[in-house]
Structures are given as structure tokens and as C-alpha cells.
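A short worksheet on the structure shown next.
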Amino acid sequence: MIADDMTAKLIASMRALRAALAHAPTPAADPLTTCERDIMRELARGASNKAIARAPMLAESTVKIHVRNILRKLDLTSRVQVAVYAAGHDIQRNGAHALSQESTQ
Numbered sequence: 743m744i745a746d747d748m749t750a751k752l753i754a755s756m757r758a759l760r761a762a763l764a765h766a767p768t769p770a771a772d773p774l775t776t777c778e779r780d781i782m783r784e785l786a787r788g789a790s791n792k793a794i795a796r797a798p799m800l801a802e803s804t805v806k807i808h809v810r811n812i813l814r815k816l817d818l819t820s821r822v823q824v825a826v827y828a829a830g831h832d833i834q835r836n837g838a839h840a841l842s843q844e845s846t847q
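To convert, note that position 69 of the sequence shown is 811 in the working numbering; the numbers rise steadily by one, no gaps.
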């Protein structure tokens, strides 16, 4: 269970990120490496660094570096923001970005 004050902070953070993403220009190229996109998908699922490191046999410290790089490249400050970003950009299982409905209209 999440405390009420933390829930409010989480919702405010998600709303602020969504607003920032709505006004952010779409980058011409994906700034993330394939490995970083894989890790971002796992972060979006709520996996810990330790759990992420198990599958590709990475050191947990390597995962931490990738997480730090993801946050820096996407100008985000938390794992929650990474999950919201991944959902908002419809990060697919194969690592590609799916076109959103608004970009196809």
C-alpha cells in the first residue's frame, strides 16, 4: 500500500511528465542504445536492477549505469518517469517505437 502523500506526489510527477512530453519535440533519432531500450522495457514492468541484470547476465552495476544513461538521455529524474515515458511512447517488445494514433492522423 502506498501512503496518501506519496500517491499524490506520484500522480503529480506523472502529470508533469505527461505535460512535458506533450510539448517536447520528437527527436529525429532514438537516443537510446538497444541495450538501454531493453532495460527501459524492464523498468516499465517494475523490475529491480538485480532482476534486470539476471536475464542478460549483466552485473547489477552495469544495469545501474544504463539506468543512469537512460535518465540523462531522456532528461528524466526517476524510474517512474521512465515507465511513463515508455508507455507514452508505446515501446514495443522488439525495441521499436510504435507510431501513436496522433502522429498518423
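The beta-carbon is built from N, C-alpha and C at its ideal position, and this holds for glycine as well. Just so it is clear, the structure is predicted and the values come from calculations on it, not from any experiment.
Limits of the alpha helix (DSSP H) - the one that residue i falls within
| i | result |
| --- | --- |
| A786 | T776 to A786 |
| T804 | E802 to K815 |
| A745 | Counting along the chain, A745 falls outside any alpha helix (DSSP H), and DSSP gives it neither H nor E. |
Contacts around residue i, its chain only, beta-carbon distance under 8 Å, and the 5 residues preceding and following it disregarded
| i | result |
| --- | --- |
| A795 | A801, E802, T804 and V805 |
| A828 | M782, R783, L785 and A786 |
DSSP state of residue i mapped onto helix, strand, coil
| i | result |
| --- | --- |
| A850 | Lying outside 743 to 847, the shown extent of the chain, residue 850 is not represented and no answer is given. |
| A754 | helix |
| A825 | helix |
| A761 | helix |
| A797 | coil |
Alpha-carbon to alpha-carbon, residue j and residue i
| i | j | result |
| --- | --- | --- |
| Q823 | R779 | 14 Å |
| M756 | M782 | 17 Å |
| P798 | K815 | 22 Å |
| L818 | D832 | 17 Å |
Cβ-based neighbour list, residue i, same chain, cut-off 7 Å, excluding 5 preceding and 5 following
| i | result |
| --- | --- |
| N811 | E778 |
| A793 | none |
| A825 | L785 and A786 |
Neighbourhood of residue i by C-beta, 6 Å cutoff - its chain only, sequence neighbours within 5 removed
| i | result |
| --- | --- |
| R821 | L785 |
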